[in-house]
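J.:
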Amino acid sequence: MPKKRSWISKAGELAERFSGRGKARKKMRGHLPELPKRVKIKPGARYLNLAKGEATPSQAVRPLTDAIAQSYRAFLQHSPRKQVFVVGIGGAEGTAKTFLASEITKLLGDHVEVRTLAMDDYYKMSRRERKKKVQELKRKGRMSRENLMIFEISNDPVLSDFQTLLEHIEALKQGRPVQKHFYDHSNGEIIRNSRRVEPMQQGILLVEGIYALRKELRRAIDCGVFVFTGEEKKYQRVSKRDAAERAHGIYRSNKYFFEAQLTSYRRYIEPTIRNADIVVNTTHLFD
25 MPKKRSWISK AGELAERFSG RGKARKKMRG HLPELPKRVK IKPGARYLNL AKGEATPSQA
85 VRPLTDAIAQ SYRAFLQHSP RKQVFVVGIG GAEGTAKTFL ASEITKLLGD HVEVRTLAMD
145 DYYKMSRRER KKKVQELKRK GRMSRENLMI FEISNDPVLS DFQTLLEHIE ALKQGRPVQK
205 HFYDHSNGEI IRNSRRVEPM QQGILLVEGI YALRKELRRA IDCGVFVFTG EEKKYQRVSK
265 RDAAERAHGI YRSNKYFFEA QLTSYRRYIE PTIRNADIVV NTTHLFD
């Protein structure tokens, strides 16, 4: 049985693509900025390539906000009794989901109320609790090394509290406030019941997170947005962010990306693109 490659060898292969050496670069160019051939989107889904070009990233986001505003108007017209329009923003780490949610709020906020629920706040375990659980599972031999790492970085869907999130979405749609946890990425701790989200009579509720388009949330989402970014650009963003903001360090952030995040993306996240009404490519949003 061939020996499994380490993240270092995988990083070297990706670095070759960056530098332009060899056939790998040519192959990647054939897929960008379009989606990889393995990815299938549902008939009728809109595809938006948000490239910065000569505009600012904020200006480049406008086609997405226009599409959401159009869907919201159609929602109000066809569902007069429903006043809160729920938009799920899913996709992998490093695809600018949080940035997009922020820009949607800024650009539409003058015309309609916008609230955001971040799915990271619905983790069931803190970073410390996950690491402790990983050691326990490792001793029992219950998981492969790869799956243990996916669990440790909280990319295993079982670690997301979909039930509570659904209850909070429903409460806000019914005009009731919710008290939710806050996940602090700087130390991985969960600050329980520390955030209050006020309801709105009419408006847009954004649900942002890697699993926003999974089947568990499908009945609550009125419009699904899947955010795609090419793997080399995603690697640059994630490794920089995790090393600087999440106390992982360069070595560990690279290890997490190549040995857990890529695998969990293709296994759990990428398939949810089939539930998207709008597919957004942010590979060149910032450059």
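For the sequence shown, the positions run 25 to 311 when our numbering is used.
We put the CB at the ideal spot given by N, CA and C, even for glycine.
These numbers were taken from a predicted model, which means no experiment stands behind them.
So, do the segment 298-309 and the segment 246-256 have three or more beta carbon pairs nearer to each other than 8 Å?
T.: The segment 298-309 vs the segment 246-256: in contact.
J.: Can you tell me whether S218 is helix, strand or coil according to DSSP?
T.: Correct three-state label for S218: strand.
J.: Expressed to the nearest angstrom, what Euclidean distance is found between the alpha-carbon atoms of V262 and I297?
T.: Between V262 and I297, the C-alpha separation is close to 20 Å.
J.: Tell me the rounded alpha-carbon separation between S84 and L74.
T.: The sequence as given places Ala at residue 84; Ser does not occur at that position. For A84 and L74, the distance between alpha carbons rounds to 6 Å.
J.: To test your reading of the DSSP string, which unbroken alpha helix (DSSP H) runs of 4 or more residues are found completely within the segment 91-163?
T.: Fully enclosed alpha helix (DSSP H) runs of 4 or longer: 121-132.
J.: Using three-state DSSP, classify R70 as helix, strand or coil.
T.: Here R70 sits in strand by DSSP.
J.: Classify Y71 as buried or exposed, calling it buried when 16 or more other Cβ atoms lie within 10 Å of its own Cβ.
T.: So Y71 ends up on the exposed side.
J.: How many whole angstroms separate the CB atoms of V63 and R139, which I take to be in contact at a CB cut-off of 8 Å?
T.: Not quite, the Cβ-Cβ distance comes to about 30 Å (not below 8 Å), so this is no contact.
J.: Run through DSSP, which three-state label would E78 get?
T.: Here E78 sits in coil by DSSP.
J.: Can you give me the C-alpha to C-alpha distance between M52 and G77, rounded to a whole angstrom?
T.: Because the pLDDT of M52 is 31, which lies under 50, any placement of that residue in the model is unreliable, and the number read from its coordinates should be weighed accordingly. When rounded, the distance between both Cα atoms is 20 Å.
J.: Let me know if R166 comes out buried or exposed under the rule of 16 or more other beta-carbons within 10 Å of its beta-carbon.
T.: Answer is exposed; the Cβ neighbour count stays below 16.
J.: How about L131 and T89: do their beta carbons lie closer than 8 Å?
T.: Yes, Cβ-Cβ distance for L131 and T89 is below 8 Å.
J.: Taking contact to mean at least 3 C-beta pairs separated by less than 8 Å, is the segment 206-221 in contact with the segment 90-106?
T.: Cβ pair count under 8 Å is below three, so no.
J.: For I228, does the three-state DSSP call read helix, strand or coil?
T.: Strand.
J.: Determine the closest residue to V231 out of S178, I65, I128, I174, with distance taken between C-alpha atoms.
T.: Selected option, being the one with the closest Cα: I128.
J.: Taking the DSSP output, what are the residues bridged to F206?
T.: Its beta-bridge partners are I215.
J.: Is the separation between the beta-carbon of P181 and that of R238 shorter than 8 Å?
T.: Cβ atoms of P181 and R238: closer than 8 Å.
J.: What is the DSSP secondary structure of E294, reduced to helix, strand or coil?
T.: Looking at E294 - three-state DSSP - the assignment turns out to be helix.
J.: What residue does the alpha helix (DSSP H) around F281 start on, and which one ends it?
T.: Where F281 is concerned, there is no enclosing alpha helix (DSSP H), given that its DSSP letter is neither H nor E.
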